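Undergrad:
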Amino acid sequence: MSDDISNGTEDVVGVLAEQIEVRFGMDIDRLKAAVAAAPTANPAAADVVKWHGLLLASQAVLNRVEDDLLAALETQPSEIDDPTMDLAHRVNAAVTARDGRAMVIRWLLDSHAPGQQDLAAERLARFRGTGRGPAVSTSPPPRPATVPQAGRGVLR
Numbered sequence: 005m006s007d008d009i010s011n012g013t014e015d016v017v018g019v020l021a022e023q024i025e026v027r028f029g030m031d032i033d034r035l036k037a038a039v040a041a042a043p044t045a046n047p048a049a050a051d052v053v054k055w056h057g058l059l060l061a062s063q064a065v066l067n068r069v070e071d072d073l074l075a076a077l078e079t080q081p082s083e084i085d086d087p088t089m090d091l092a093h094r095v096n097a098a099v100t101a102r103d104g105r106a107m108v109i110r111w112l113l114d115s116h117a118p119g120q121q122d123l124a125a126e127r128l129a130r131f132r133g134t135g136r137g138p139a140v141s142t143s144p145p146p147r148p149a150t151v152p153q154a155g156r157g158v159l160r
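The opening residue of the sequence shown carries number 5 in my numbering; numbering runs sequentially from there.
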């Protein structure tokens, strides 16, 4: 793989690893070990470790399909054939998957991101064993004491 492509894609993983280390005060390997030892002790750390693993997997797929594409391009004449174009589409899909996972990690690391406060409250409730109750009312709505007569009180 060329250095330009390699450096650009691996920077995403490196930058996020640095942000994870700053957020949790330890390097990513120690954080993974801590989560493996006590998976429920810190749900936020467990989520970040899970998504970091998914990010690494998608980065590996991206590296492989980029290498395949570059090898195919080196053998192509001036026009690209269909199998090589399919490889280019696979690279685009791999970039999309990798970037989506990176966005999830960025969101998980940002405690002020929209939805994070709700997520923190939900985790705390699960940790304490308290629920939020049913999402919808389980009792029927109150019925009116009197039914309006046709033509009265109804605007047409």
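Where is the CB? At the ideal position from N, CA and C, for every residue including glycine. Fair warning: this is a prediction, and the values are worked out from it, not measured in the lab.
1) Using only the alpha-carbon positions, how far apart do ALA117 and MET107 sit?
2) Taking 8 Å as the cut-off, does the segment 71-78 touch the segment 23-35 (at least 3 CB pairs, one atom from each stretch)?
3) Going by CA-CA distance only, name the one from VAL69, ASP103, GLY104 that's closest to PRO87.
4) Alpha carbon to alpha carbon, how far is LEU59 from LEU112?
5) Within a Cβ cutoff of 6 Å, which residues of the same chain sit near ALA101, ignoring the five residues on either side of it in sequence?
6) Quick one, are the C-beta atoms of ALA50 and VAL65 less than 9 Å apart?
7) Ordered along the chain, which non-local residues of its own chain (more than five positions away) have a Cβ less than 7 Å from that of VAL53?
8) Quick check on GLU83: does DSSP put it in helix, strand or coil?
9) Could you have a look at GLY29 and say whether DSSP puts it in helix, strand or coil?
10) Thinking C-beta only, is ASP103 closer than 9 Å to VAL16?
TA: Considering the structure as presented:
1) Taking the first residue of the sequence shown as 1, we reach residue 117 at position 113. Taking the first residue of the sequence shown as 1, we reach residue 107 at position 103. One C-alpha to the other measures close to 12 Å.
2) no
3) Locating residue 87 in the sequence shown gives position 83, where the first residue counts as 1. Closest option to PRO87, Cα to Cα, is VAL69.
4) Position 55 of the sequence shown holds residue 59. Position 108 of the sequence shown holds residue 112. Looking at the two C-alpha atoms, the distance is approximately 13 Å.
5) Numbered from its first residue, the sequence shown carries residue 101 at position 97. Excluding positions up to five away in sequence, the list reads SER62.
6) Here residue 50 refers to the residue found at position 46 when the sequence shown is read from its first residue. Here residue 65 refers to the residue found at position 61 when the sequence shown is read from its first residue. Against a cut-off of 9 Å, the Cβ pair of VAL65 and ALA50 comes out as no contact.
7) Working through the sequence shown from its first residue, we reach residue 53 at position 49. Correct list, in chain order: LEU35, LYS36, VAL39.
8) Residue mapping note: residue 83 aligns to position 79 of the sequence shown, counting from 1. Coil at GLU83, not helix or strand.
9) The sequence position of residue 29 within the sequence shown is 25, counting from 1. GLY29: coil per DSSP, three-state reduction.
10) Along the sequence shown, one-based indexing puts residue 16 at 12. Along the sequence shown, one-based indexing puts residue 103 at 99. Cβ atoms of VAL16 and ASP103: closer than 9 Å.
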